[in-house]
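A.B. asks: Provided herewith is a single structure, encoded as structure tokens, for subsequent inquiry.
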Amino acid sequence: MSEAPIAPTVPDGWSLYGEPLKSRLLLGTARYPSLAVMTEAVAASGAEVLTLGLRRQSPEKLGGGSVWDHIAKLGCRLLPNTAGCHTAREAVTLARMSREIFGTSWIKLEVTGDDYNLQPDPYELIEATRELVKADFKVFAYTTDDLVVCTRLRDLGCEVIMPWGAPIGTGKGVTDPYALETLRARLPDAVLIVDAGLGLPSHAARVLEMGFDGVLLNTAVARADDPVRMAAAFGKAVAAGRLAFEAGAMAESETAQPSTPVVGTPFWQSESG
Amino acid sequence: MRVEIAGAGLMGRMIGWRLAEGGADVTLHERASREAPESAAHAAAAMLAPVSEYPDADPAVFEMGKRSLELWPPLLDALDVPYSIDGSLLVAHGPDGPLLDKFHRSLGVEGATEARWLDGDGIGALEPALAGRFQRGLYLPNEGWLDNRALLDALEPRCGEIRYRDAVDPHGLRADIVIDCRGVGAGLEGLRGVRGEAIRVRAPEVELARPVRLMHPRYQLYAAPRPGGEVVIGATQIESGSLQGVTVRSALELLSAAFALHAGFAEAEILELCVGLRPAFEDNLPRIEWHGGVLRVNGLYRHGFLIAPALVEHVVAEIEKIWTSSATATG
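Going down the list, the protein sequences come from chains A and B.
Count along the first sequence starting at 1, add 114, and that's the number in the working numbering.
Count along the second sequence starting at 1, add 99, and that's the number in the working numbering.
Here it is, written out as structure tokens:
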């Protein structure tokens, strides 16, 4: 029996701030058992965009130089982040420093409001976004799933908005699907990437099925028993989720609906089936 | 046999000691001064914890760690260096409990035989200071600690002549055997520094018999006992080659985690804030390799004290190969 042609795993291209990409998975570079494992995991995931934090590495003295060089050599686009910043001022300073160091105006803007949850501070985030957009940065704003905050970010010129699925590092998956569905429905033209809180490939697939443009992960891969396999699993799940979204799901129903008519089916057939 | 060693950190001294005992004439060249050591070994907590490191380390490190646990006691006894191999303890606060399960799962079949679950009473029985503070923990019986600075001091008069403030290029040294043990200072291709910060305190209210690790989603905290009521609280792990002083954030993290482990740390006296750079290759594994007539020993990462004696065995075997063959050729 000949098999039906298999649909490409990467059904379509997309872009971030005009940069064409294939994979819809963005990967973080922290907390792997070693740089070697991270390197393999990146390759297995198919990710083309990598985030990296420099807050604690004494960037003004180029303290993280050797690890930055290593990450830069992986051939992916770099998305420096401002993890560890608590105010707009700190985040803006770090963003400027990372633009100098990495020669990119892409910045994943993170401003922490609560240290236990690492919950973003919406007030400082908006302030920092305003300033960075003015200074020609391409802002990727990490935020909660609050519709009003996301709308403001969009109005300020932030093209890529990254709501959380759950607090960072929890691995819980999407804790408030209603809020995310609302965001997708109300901001149909914004690029929305779910960042943080996902633990399993099925979580990522679900987010893509909901119509989100992409997923950003770190802990779920880095802290898996085998980060390389988990990276591959997420890569496939993200592609599957996107494919499903484009395919359009069937309508859900409250009652069972056989795909062949039951009228006239002899009772013995229905019992054995 | 004349031996020149660049770098008088843990490896330089251990190798020097071993070779000097065998009758070699050993000179060590150390960039830092005696008063202000820069070696990672000086800042380290020096835990002998192969099982604790198992989930994140290569199996080779586990094997070398286990071998070193056999080798250390006679060496440390001979040098009169304080140490203890009486197990270590892993604990977590309620919400972080899944990290203990995850750790246990990561041990696999091999490592799991080395771990025992404890309830609150069991923890209190082992470490009375922690009684009533934790409901669950893991006891790893084959782990311990040694007094890193006492060891470095004990090795000093035994490892050959150490020349301080003497930065050298090992390729410019002339001897029968030249060894490069400079750690991050060697500046080798692919070698990077991983910054670690630790705090040494004297904590009369917190009597710990063994190292205790507090599992936390973001911080890796451990408290390793030292003689005289001292405790080393460590350690941050930052991908940075900067040796600047301990940051306020790191100090806050380490101290608040210590306080969460035991409120008695609040009254401890802070003795020192320590910074070290762990030399690491991409795979976090150590390397012993000849390069232009120089034997390079580097990349011990966070596992220096854990694997040092086993690594010295490999180094000595490597030197004997060369020395025996050249002695045969000339003799």
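Backbone N, C-alpha and C fix where the C-beta goes; we use that ideal spot for every residue, glycine too.
Which chain B residues sit within Cβ distance under 9 angstroms of A/R343?
C.D. replies: Indexing the first sequence from 1 puts residue 343 of chain A at position 229. Here the premise fails: no neighbours, minimum Cβ distance about 14 angstroms.
A.B. asks: With a threshold of 16 other CB atoms inside 10 Å of the CB of A/E133, please say whether the residue is buried or exposed.
C.D. replies: Taking the first sequence and counting its residues from 1, one reaches residue 133 of chain A at position 19. A/E133 comes out exposed.
A.B. asks: How many angstroms separate the CA atom of B/E417 from the CA atom of B/L272?
C.D. replies: Here residue 417 of chain B refers to the residue found at position 318 of the second sequence. Here residue 272 of chain B refers to the residue found at position 173 of the second sequence. Answer to the nearest angstrom: the Cα atoms are 19 angstroms apart.
A.B. asks: Near A/V243, what residues of its chain come up, given a Cβ to Cβ distance below 7 angstroms and the 5 sequence neighbours on each side ignored?
C.D. replies: As a working note, residue 243 of chain A is residue 129 in the first sequence. Strictly speaking, residue 243 of chain A in this sequence is Thr, with Val absent from that position. Around A/T243: L223, V253, A255, L267, L270 and C272.
A.B. asks: Taking the alpha-carbon positions, what's the B/D265 to B/A131 distance?
C.D. replies: As a first step, residue 265 of chain B is located in the second sequence; it is residue number 166 there, counting from the start. As a first step, residue 131 of chain B is located in the second sequence; it is residue number 32 there, counting from the start. Roughly 7 angstroms between the two C-alpha positions.
A.B. asks: Tell me whether A/C272 sits in a helix, a strand or coil according to DSSP, three-state version.
C.D. replies: In the first sequence, the residue the question calls residue 272 of chain A occupies position 158. Three-state result, A/C272: coil.
A.B. asks: Quick one: give me the first and last residue of the beta strand (DSSP E) that B/R235 is part of.
C.D. replies: For the purposes of this step, residue 235 of chain B is identified with residue 136 of the second sequence, where counting begins at 1. Counting along the chain, the beta strand (DSSP E) containing B/R235 begins and ends at R235 to L239.
A.B. asks: If you reduce the DSSP assignment to three classes, tell me which class B/D200 lands in.
C.D. replies: By 1-based counting over the second sequence, the position of residue 200 of chain B is 101. Reduced to three states, the DSSP call for B/D200 is helix.
A.B. asks: At 9 angstroms on the CB atoms, spell out the chain B contacts of A/R170, in chain order.
C.D. replies: As a working mapping, residue 170 of chain A is identified with position 56 in the first sequence. In chain order: R294, T335, I337, E338, S339, T346, R348 and S349.
A.B. asks: Within the 8 angstroms Cβ cut-off, does B/E381 reach chain A?
C.D. replies: Along the second sequence, one-based indexing puts residue 381 of chain B at 282. Yes, B/E381 counts as interfacial toward chain A.
A.B. asks: Are the beta-carbon atoms belonging to B/G108 and B/C280 less than 8 angstroms from one another?
C.D. replies: Working through the second sequence from its first residue, we reach residue 108 of chain B at position 9. Working through the second sequence from its first residue, we reach residue 280 of chain B at position 181. Yes. Within cutoff.
A.B. asks: Within 8 angstroms of any Cβ in chain B, is that where the Cβ of A/K222 sits?
C.D. replies: Residue mapping note: residue 222 of chain A aligns to position 108 of the first sequence, counting from 1. No, A/K222 lies away from the interface with chain B (no Cβ there is under 8 angstroms from its Cβ).
A.B. asks: Between which residues of its own chain and A/G355 is the CB-CB distance below 6 angstroms, once the five residues before and five after are set aside?
C.D. replies: Reading the first sequence from its first residue, position 241 is the one you call residue 355 of chain A. Taken in chain order, the residues that qualify are A319, L322 and E323.
A.B. asks: So for B/N397, helix, strand or coil by DSSP?
C.D. replies: What you label residue 397 of chain B is simply residue 298 of the second sequence in a count that begins at 1. Three-state result, B/N397: strand.
A.B. asks: Provide the residue span of the alpha helix (DSSP H) that contains B/E329, from first to last.
C.D. replies: By 1-based counting over the second sequence, the position of residue 329 of chain B is 230. First-last for B/E329: E329 to G333, but that is the beta strand (DSSP E), not the alpha helix (DSSP H).
A.B. asks: Could you check what DSSP says for A/M364 in three-state terms: helix, strand or coil?
C.D. replies: Taking the first residue of the first sequence as 1, we reach residue 364 of chain A at position 250. If DSSP states are grouped into helix, strand and coil, A/M364 belongs with coil.
A.B. asks: May I ask you to report which of helix, strand or coil DSSP gives B/A140?
C.D. replies: Along the second sequence, read from residue 1 onward, the residue named residue 140 of chain B stands at position 41. Note: B/A140 maps to helix in three-state DSSP.
A.B. asks: Assuming contact is defined by CB atoms lying nearer than 8 angstroms, are B/H402 and B/A156 in contact in what I supplied?
C.D. replies: The residue labelled residue 402 of chain B in the question sits at position 303 within the second sequence. The residue labelled residue 156 of chain B in the question sits at position 57 within the second sequence. Cβ distance < 8 angstroms, so B/H402 and B/A156 count as in contact.
A.B. asks: Confirm, please, whether the CB-CB distance from B/A334 to B/A357 is below 8 angstroms.
C.D. replies: For this step, residue 357 of chain B is matched to residue 258 along the second sequence. For this step, residue 334 of chain B is matched to residue 235 along the second sequence. In this structure, B/A334 does not lie closer than 8 angstroms to B/A357 by Cβ.
A.B. asks: Return the bridge partner residues of A/W220 from the DSSP annotation.
C.D. replies: Residue 220 of chain A sits at position 106 when you count from the first residue of the first sequence. Paired residue(s): A/K252.
A.B. asks: Are the stretch 133-141 of chain B and the stretch 160-170 of chain B touching, with three or more C-beta to C-beta distances below 8 angstroms?
C.D. replies: The stretch 133-141 of chain B, when compared against the stretch 160-170 of chain B, does not touch it at the 8 angstroms Cβ threshold.
A.B. asks: Residues in its own chain within less than 6 angstroms of A/V342 by CB, not counting five upstream and five downstream?
C.D. replies: On the first sequence, position 228 is the one that residue 342 of chain A refers to. Excluding positions up to five away in sequence, the list reads E154, A155 and A158.
A.B. asks: Would you be able to state if there are at least three C-beta pairs under 8 angstroms between the stretch 171-183 of chain B and the stretch 250-261 of chain B?
C.D. replies: Verdict: yes, contact present.
A.B. asks: Three-state secondary structure (DSSP) at B/A156?
C.D. replies: Locating residue 156 of chain B in the second sequence gives position 57, where the first residue counts as 1. B/A156 falls in the coil class under three-state DSSP.
A.B. asks: Measure from the alpha carbon of B/G193 to the alpha carbon of each residue in B/L376, B/L313, B/I261 and B/L353, then state which is nearest.
C.D. replies: Indexing the second sequence from 1 puts residue 193 of chain B at position 94. Nearest option by C-alpha distance: B/L313.
A.B. asks: Counting only Cβ pairs nearer than 7 angstroms, list the residues of chain A close to B/D155.
C.D. replies: Here residue 155 of chain B refers to the residue found at position 56 when the second sequence is read from its first residue. Result: P147.
A.B. asks: Express the C-alpha separation of B/Q319 and B/A214 in angstroms, rounding to a whole number.
C.D. replies: In the second sequence, the residue the question calls residue 214 of chain B occupies position 115. In the second sequence, the residue the question calls residue 319 of chain B occupies position 220. Roughly 19 angstroms between the two C-alpha positions.
A.B. asks: Reducing DSSP to helix, strand and coil, say where A/A182 ends up.
C.D. replies: In the first sequence, residue 182 of chain A corresponds to position 68, counting from 1. Inspection of the sequence shows that residue 182 of chain A is occupied by Trp rather than by Ala. Correct three-state label for A/W182: helix.
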